[in-house]
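These notes are about the structure you will find just below.
In UniProt numbering, the protein residues as written are 1 to 986.
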């Protein structure tokens, strides 16, 4: 046994008989059966082989068992057999005893179990047949017709296993046996280390592996590094990443420290930066640089900002005194300190007549616009004391002034105030209010600032701009006369000294007493009420007419809508395939797409699920097909061809294309969702997947995946009507594609997707089929082999792909659905399938499949494609079965009569009509088509709601025609009710 890494980096070999030069010493039972001999392989290299050739005697049962194979961490084991086999026809006299196959078995154990072979303890893997056999003449010419077969075992649960080979009468030689499993070898991707990972136990399984950040790196926020190991031992597209910590930058697959004189302040930065001006560092791996002496960095400054210093003092400070108000103005500093956030603050001190005796001005002094954080270069200082000395200091400050330890720099000025005007009259009292006069009194201002010689009263009507003023000597009371009764007045008072007038006090509102009679008041109040009532009634009438006119306008506006037809255009007809993509597919901004996880591997790359957020719209779930690493221009065209096809389709049973990404930047900016459901751009990763421009196809997300896997997962959980409903949706989608002139050519349950509401949609467009001229060649696509068990005979033999060949494939899909995802034709080889079909064999009805459905399958598999039903007929048949489940028991087909028996009825089935015109033509009433169109009846649903009065309003005067149309409308209404009752959407 030889274990270790194979030359193929994805394989771990557990056993390779060719690599062993000594005897293998496997167990043979009975001893005279399998024989170990020395031989030469196809390269004439000495090898140890086992052979058996007891073809003359019947009932052979020869067993050969390998040594015990320890499986390690593997769950899924690959067995590669290379062997030669003698053609029985070349052996005379062995008819009935010679075989051309042998059987492969395995037994799981936790340790070696001895040398006895107990056949009942082995599990059969497969019957192995040879594609190539040799004759006696071949031996003479030393032609090595070597067969190679690979089989898979798993999942395994014990420590090891044996392989066993059973001969039942063949002449065979085992040239080599290789046993191995696959793993993804350790890798560093996006600064994360991913360890050796054994592949999953299933062919389609993906093993999710979390990466560990390399030294001096950390996980990106909410974006842990992950990769998926595929069943083939390949790492798929990475999700998330690690980034170098602050002070370190990426170099290759490692993080290196920033050098001296450089820094990196955040892990989000890509590269180290040189220290900004007036800063330095003398060590490696630093996240910021220190400021030079005399320079500072504010707490809010990022490390990328240069160090700065406080500004110099303001220049050219001047002042102006107006009694107790001082106005200051200045010019900006000559040196702003290297910053643009310079503001100014004012320091005020009141000084006695003795020098050096100053105190702060306190809170009684006012500043306009403000004392600190001034942007403009001026300020007014108000409410100073009269006949007082003041000193004002104006300082320029910026973001680092408070950090500086140097002496403050400012401009200063000393001023002396003069006499001031009196302060406000703050309290005014109403003494007496009459019809035409008001008596007021008030208190002296708190700060008279001298001798008050008079007061000024200002008053005016509340609704008027006219003002009156009168003066009164020293008295603190006054009566204002000659006012209007029942009128609101506003009063204000101010005091006067030799220094001038003070400011007006607060407004006082007073309404004089009433004088007019009650009857006049009533009369004056009723007239506006009457006017308002009349206007309201008139307005209501006008509104009713406007609404009525709008409704009528809407009705006739809806009557001018006409249906159109659409034909499929093959993208291959375009000289420039990119033009087809941009004509039929919407270009999306890569920043609108967020990849969340890998859900599978596609033909051209990985398939992921994610979210799409378009501007002004809610985010939606989408599936994203990506183009694999290092794509060629041809691969890009073939990949986008599917989008050119899908973009032409719009049907509820055909997968919807959201758009494509073909013009993105080299680094995709994806989006991460945060807790408040707002979207913020977050750079996700630069992946090898997207080396060059990223190319993606974005389609709607189908939650339940492919139909075949979905049915296998839910085996036996649906009713027959539910299964028929799924088939009806697939047929409706194919009817739509057929009507557009599109031939699918690969219709199978694996290419049908299912959403959360069990709606089935046709998918997988754009794979070109290539059939070699050699009739024995494999039928392939650009993505691998086509299982011929889904393909019509004329398509295999003569390359005749039509809608009729799609109908054949649809019959296979029906069989898959009714058997819950079983493989068509089971384990028959492709050659056996083709031969059986040519001889007239057809798949039998699955378990519990109604006869009516199986008969429809058989109709789809008619040899003559002209005898197969059309998709339009199939939809009608399935609708009939849904409405009347008894028809499922009737084994009537579509190929024995021109019209399907399930559709042959005296009353037309409305589901077969796509327009009102087709329905009228079917009931021989096409003469009234213009009448229906003119009145806005453009859909069968609107016709089904018509009454006899509606029919008469169309101008149909003949009573017989009225009755015939109404009779068919009632039938349509009943059919629609039954159809909607089944959950099927018309």
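Every residue gets a Cβ at the ideal spot worked out from N, C-alpha and C, and that includes glycine.
Small disclaimer: the values here were computed from a predicted structure and weren't measured.
Exposure of residue i, with buried meaning 16 or more beta-carbon neighbours within 10 Å
| i | result |
| --- | --- |
| residue 114 | exposed |
| residue 690 | Caution is warranted here: a pLDDT of 39 is assigned to residue 690, below 50, making its placement in the model unreliable, and the coordinate value is therefore given only provisionally. Residue 690 is buried by the Cβ-count criterion. |
| residue 763 | buried |
| residue 633 | exposed |
| residue 714 | exposed |
| residue 416 | exposed |
| residue 968 | buried |
| residue 590 | buried |
| residue 203 | exposed |
| residue 687 | For residue 687, the pLDDT reaches just 34, beneath the cut-off of 50, and the residue's location in the model is therefore unreliable, although a value from the coordinates is still provided. Classification of residue 687: buried, given that the 10 Å Cβ count is 16 or more. |
| residue 970 | exposed |
| residue 216 | buried |
Where the beta strand (DSSP E) containing residue i begins and where it ends
| i | result |
| --- | --- |
| residue 228 | 226-229 |
| residue 18 | First-last for residue 18: undefined, no H or E at that position. |
| residue 458 | 454-461 |
| residue 931 | Counting along the chain, residue 931 falls outside any beta strand (DSSP E), though it belongs to the alpha helix (DSSP H) covering 929-934. |
| residue 63 | 62-65 |
| residue 322 | 315-322 |
Contact under 7 Å by Cβ, residue i with residue j
| i | j | result |
| --- | --- | --- |
| residue 192 | residue 211 | yes |
| residue 623 | residue 699 | yes |
| residue 34 | residue 52 | yes |
| residue 273 | residue 288 | no |
| residue 258 | residue 278 | no |
| residue 479 | residue 461 | no |
| residue 229 | residue 199 | yes |
| residue 619 | residue 735 | no |
| residue 875 | residue 916 | no |
| residue 694 | residue 660 | no |
| residue 430 | residue 493 | no |
| residue 150 | residue 15 | no |
| residue 651 | residue 725 | no |
| residue 425 | residue 445 | yes |
Residue i: first and last residue of the uninterrupted alpha helix (DSSP H) it sits in
| i | result |
| --- | --- |
| residue 798 | 793-798 |
| residue 379 | It is not in any alpha helix (DSSP H) - residue 379 instead sits in the beta strand (DSSP E) that spans 378-382. |
| residue 327 | It is not in any alpha helix (DSSP H) - residue 327 instead sits in the beta strand (DSSP E) that spans 325-331. |
| residue 733 | 720-739 |
| residue 810 | 803-818 |
| residue 988 | Nothing in the structure corresponds to residue 988, since the chain is present only between 1 and 986. |
| residue 858 | 851-860 |
| residue 584 | 577-584 |
| residue 641 | 633-646 |
| residue 345 | First-last for residue 345: 343-351, but that is the beta strand (DSSP E), not the alpha helix (DSSP H). |
| residue 38 | From DSSP, residue 38 is part of no alpha helix (DSSP H) but of the beta strand (DSSP E) over 35-40. |
| residue 953 | 948-953 |
| residue 940 | 940-944 |
Cβ-heavy atom distance, residue i to the ligand PLP, below 6 Å
| i | result |
| --- | --- |
| residue 568 | The model on display carries no ligand, and the ligand PLP is accordingly not part of it. |
Residues that residue i bridges to, as DSSP identifies them
| i | result |
| --- | --- |
| residue 442 | 428 |
| residue 991 | Summary: the structure shown does not reach residue 991, with the chain confined to residues 1 through 986, and so no result is reported for it. |
| residue 81 | 149, 177 |
| residue 159 | None, per the DSSP bridge assignment. |
| residue 198 | 183 |
| residue 361 | In the DSSP output, where bridge partners are listed per residue, residue 361 has none listed. |
| residue 661 | 696 |
| residue 607 | 600, 625 |
| residue 104 | 126, 165 |
| residue 388 | DSSP output for residue 388 lists no bridge partner at all. |
Supposed close pair residue i, residue j - CB separation, criterion 8 Å
| i | j | result |
| --- | --- | --- |
| residue 55 | residue 91 | 6 Å |
| residue 219 | residue 242 | 6 Å |
| residue 296 | residue 328 | With 8 Å as the limit, residue 296 and residue 328 do not qualify as a contact, their Cβ atoms being about 28 Å apart. |
| residue 749 | residue 806 | Rounded, the Cβ-Cβ distance is 14 Å, inconsistent with contact. |
| residue 126 | residue 104 | 6 Å |
| residue 1062 | residue 398 | The displayed coordinates of the chain run from 1 to 986. Any statement about residue 1062 would go beyond what the structure contains. |
| residue 128 | residue 65 | That belief does not hold up - the Cβ atoms of residue 128 and residue 65 are roughly 16 Å apart, past 8 Å. |
| residue 710 | residue 754 | 5 Å |
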